[in-house]
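Undergrad: Pasting a structure here, questions to come.
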């Protein structure tokens, strides 16, 4: 066995450059896998910590059973405290507000989940004595707020940003005006200080209740239990059931981490997209490994024959090749770990733009490292298996007779198999339906099947489309171009994998850019239609509905429509079993004024918009978003039961509307139903349409001069909001572009590897050409022409499959997320793809071309 390891090591050292290229391919694949795993785990851990931090050491939480905006009655607290097993029951309430001096310049900021962390100042009303026993408070200065006093505890980070210190007064907006709170202490950057990106404060419960008209109301009761209960899941579950019986139907008893699961589910699709790219990186890297070992086996046929002749068994030959693959993959995998961690840092920073974490976190663990290494080694061994088996089957006699071969004729079975695999992949995607939890796995396998099928059909393209790259090469490099491009047919197997690696990488770049373009166009059209208007008027606290009449009186304002947003819960009986998320946004609108400014797009075929609107106006009805309809299998005419402050109420679904506000479900109702069933009024946003003859800036300035300071409102034009949303979308897709470029780099390594092999294999031929008068420059041009042929075929395939895979990705987004996207052709991604194909191939060919040009004529001619 030691001899086999020695032979494997000797072979690797005899071909150092090729071994290095292969190891780099494995390194990049492993680094991408590791980086994406770390990024996904860091995101989930960051979100989990947000909820753990809010709950602190609480084992259970008592929360309202109806909509999230509804509160618990404070009279429930003694009932909870009286239950045996409850050590501490800490009441709290929380509200969103802003410092009064920031209200005029405040603008809403978005991330992939909706409103970004830190966009509001989150104010908790707490019992200072009880809450300190549940949550983690680490004071760096001052003291906890005293019950009954207008005092507040804020974070040192927030204080430093706002230039505040202990003893200063913090003036916050309330529905009735403002409230003055004296800063009693500053929190160190631990525990609760990291909630909401440190834009958080803690004041006495009654002070917050009185300031925000929430007397005797609570948001939650955090329960701490003794260790003998919290440490035993069965006993904790028993206490949970007991508490649920005592608090009745108006409250739910939940585990703290159940709320984090909802946000985690909302990010799942984004993480699936990242995971898919790690699969593609490994897939492309496997081509490089296969190509290397195929060439190694071809070069060493005589050597293998001699070893077989002196007694080496087929099994030992097989093991020798696999040991080489193992050593290369182990080297590449270990080297990929530090690069993966560096890449993960970059991906996390890019992810921050769309997720907005509340702290800096970097989650790494031994299992993640081991999994990435196992993937790198496993894929390399699988890629080397077929060449190893081919080596083991070599007959000693045939091997000793062998002469240089060239696989110039593609086997018919190969390209027929490729066409069948492409057809099978498309059948899986378009001709079958799968359960939602299997969609990503089956879809990824289908795309890989299409890619593998496309790889096999490259042999057919080389045979019948060779004239295209030859003409392109001749155009750029003249006679050297004709000579160089003809070489692609001499080693069809090697050419196939080189073209395929470029094709897969280009396909991902083109398809992702095409999807991004389609997404932006559809989202832009939706913003213009569904949101409409020219100006948005917002405030950090709920505005009175009557304020709309005052806005209407401003010269230049043609129409004003209010919108109120609540978070509501759906009765589980209305949703499929095992549904994690049952929290939805409920938008209350005034249909008459809304339709003068905007128009919702109904997604169901053969629907009657007027009938839908009339049904909504009659009451007891809602519109639902297409995301909600697809995810929960609902349609117009169905009934959905919402948990309201007045009990469960079934609403008829009056229509399904297009929506891009995120993966959380969205419902629309009327102000009449809002007041009747939810007891709510007011507006979170007014949308204004400017009359003809007035400019948006002119009307905005007039509103600001009249109401901004007095009403603490902020204004934003529709175009500004639209651009902020499209920028967010661009940031999300930019992350995938980076991963696609890594795939391009792996594809470039394939070009370097192939051309280097070709140069080594054709040293005598190059020497003969040089002896007949070919200059070094002409040799370089010949090799560059060969690379240009690879780039041309890779670009052709990349354009074709980029177009097809873009439509598959849009279908996947529609099925998995519930969007209603349509493919929008844009020339730009295809132009970028063509440029990348040519440039990457030419740059990758420079080193092999220089090597070919430096071949010594005498040494090359006598070379065997």
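In this note's numbering, the protein residues as written are 19 to 882.
Here a beta-carbon is modelled for each residue, glycine too, at the ideal position from N, C-alpha and C.
Among residues of its own chain, excluding the 5 on either side of residue 141, which ones have a beta-carbon nearer than 7 Å to its beta-carbon?
TA: Counting only Cβ-Cβ distances below 7 Å, and skipping sequence neighbours, we find 112, 113, 115, 190, 219, 221 and 226.
Undergrad: What is the rounded straight-line gap between the Cα of residue 539 and the Cα of residue 839?
TA: Near 9 Å, if we compare the C-alpha coordinates of residue 839 and residue 539.
Undergrad: Taking 8 Å as the threshold, find out whether the segment 740 to 754 comes into contact with the segment 27 to 44 through three or more Cβ pairs.
TA: Result no; under three Cβ-Cβ pairs closer than 8 Å.
Undergrad: In this structure, what does DSSP give as the bridge partners for residue 580?
TA: 704.
Undergrad: Can you grab the Cα-Cα spacing for the pair residue 184 / residue 174, in whole Å?
TA: Going by the C-alpha atoms only, they are around 10 Å apart.
Undergrad: Determine the DSSP secondary structure at residue 187, reduced to helix, strand or coil.
TA: Note: residue 187 maps to strand in three-state DSSP.
Undergrad: Report the three-state DSSP secondary structure of residue 740 (helix, strand or coil).
TA: Helix.
Undergrad: Under the three-state reduction of DSSP, which class applies to residue 114: helix, strand or coil?
TA: In the structure shown, residue 114 sits in a strand (DSSP, three-state: E or B).
Undergrad: With contact counted as at least three CB pairs below 8 Å, one residue from each stretch, are the segment 728 to 735 and the segment 615 to 623 in contact?
TA: The segment 728 to 735 vs the segment 615 to 623: no contact.
Undergrad: Kindly indicate which three-state DSSP category residue 868 falls into: helix, strand or coil?
TA: Residue 868 falls in the helix class under three-state DSSP.
Undergrad: By Cβ distance, which residues of its chain are closer than 6 Å to residue 409, with the 5 residues on each side in sequence left out?
TA: Result list for residue 409: 315, 322, 335 and 339, in chain order.
Undergrad: Report yes or no: do three or more beta-carbon pairs, one from the segment 816 to 830 and one from the segment 512 to 531, lie closer than 8 Å?
TA: A contact exists between the segment 816 to 830 and the segment 512 to 531.
Undergrad: Start and end of the beta strand (DSSP E) containing residue 642?
TA: Element bounds for residue 642: 639 to 643.
Undergrad: Keeping to the same chain, check which residues put their C-beta closer than 6 Å to that of residue 233; ignore five residues upstream and five downstream.
TA: Excluding residues within five positions, the ones whose Cβ falls inside 6 Å are 227.
Undergrad: On the DSSP letters alone, give me the boundaries of the alpha helix (DSSP H) that residue 253 sits inside.
TA: Where residue 253 is concerned, the enclosing alpha helix (DSSP H) stretches over 251 to 265.
Undergrad: Using a Cβ-Cβ cutoff of less than 8 Å, which residues in the same chain neighbour residue 265 once the five nearest sequence positions on both sides are dropped?
TA: Correct list, in chain order: 80, 94, 97, 98 and 271.
Undergrad: In terms of residue numbering, what span does the beta strand (DSSP E) encompassing residue 666 cover?
TA: Taken as a continuous stretch (DSSP letters only), the beta strand (DSSP E) holding residue 666 covers 665 to 675.
Undergrad: What does a CB cutoff of less than 7 Å around residue 37 pick up in its chain, not counting 5 residues either side in sequence?
TA: Cβ within range, chain order: 30 and 346.
Undergrad: Taking C-alpha atoms, which residue in 105, 178, 75 and 109 lies nearest to residue 155?
TA: Cα-wise, what sits closest to residue 155 is 75.
Undergrad: From residue 282 to residue 548, what distance separates their C-alpha atoms?
TA: Unreliable positioning characterises residue 282 in this predicted model, as indicated by a pLDDT of 49, which lies under 50. The coordinate reading is nonetheless provided below. Residue 282 and residue 548: Cα-Cα distance of roughly 28 Å.
Undergrad: Between 578, 570 and 582, which lies nearest to residue 559 when the distance is taken from Cα to Cα?
TA: The residue with the shortest Cα to Cα distance from residue 559 is 582.
Undergrad: So what's residue 561 in DSSP terms, helix, strand or just coil?
TA: Strand at residue 561.
Undergrad: Quick check: the Cα distance between residue 845 and residue 552, rounded to an integer number of angstroms?
TA: Straight-line Cα distance between these residues: approximately 31 Å.
Undergrad: Which residues does DSSP list as the beta-bridge partners of residue 91?
TA: According to DSSP, residue 91 bridges with 235.
Undergrad: Please confirm whether residue 51 and residue 300 have their CB atoms less than 8 Å apart.
TA: It is a contact, given that the beta carbons lie within the stated cut-off.
Undergrad: Thinking residue 768 and residue 515 are a contact (beta carbons under 8 Å), I'd like their distance in whole angstroms, please.
TA: Their Cβ separation, rounded to whole angstroms, is 7 Å, which keeps residue 768 and residue 515 in contact under 8 Å.
Undergrad: Report the option in 812, 721, 159 and 718 whose CA atom is closest to the CA atom of residue 890.
TA: For residue 890 there is no data in the structure shown, the boundaries of the chain being 19 and 882.
Undergrad: Identify, in the order they occur along the chain, each residue of the same chain with its Cβ nearer than 6 Å to the Cβ of residue 659, setting aside the five sequence neighbours on each side.
TA: The residues are 589, 592, 666 and 668.
Undergrad: I'd like the list of long-range same chain contacts for residue 312, defined as Cβ closer than 6 Å, with 5 residues on each side in sequence excluded.
TA: Answer for residue 312: 405, listed in chain order.
Undergrad: With H, G and I counted as helix, E and B as strand and the rest as coil, what does DSSP make of residue 620?
TA: Correct three-state label for residue 620: strand.
Undergrad: Tell me the residue span of the alpha helix (DSSP H) that contains residue 465.
TA: 457 to 482 is the span of the alpha helix (DSSP H), which, as asked, contains residue 465.
Undergrad: Among the candidates 708, 689, 737 and 706, whose CA atom is the shortest distance from the CA of residue 699?
TA: Considering only alpha carbons, the answer is 689.
Undergrad: Look at the alpha carbon of residue 157 and the alpha carbon of residue 383, and state the distance between them as a whole number of angstroms.
TA: In a straight line, the C-alpha of residue 157 is about 31 Å away from that of residue 383.
Undergrad: Which residues in the same chain as residue 211 place their Cβ atom closer than 6 Å to its Cβ, once the five residues preceding and following it in sequence are excluded?
TA: The answer, listed in chain order, is 173 and 205.
Undergrad: Nearest CA to the CA of residue 302: which residue from 758, 567 and 711?
TA: The residue with the shortest Cα to Cα distance from residue 302 is 758.
Undergrad: Distance check for residue 399 and residue 137, CA to CA, integer angstroms please.
TA: Straight-line Cα distance between these residues: approximately 50 Å.
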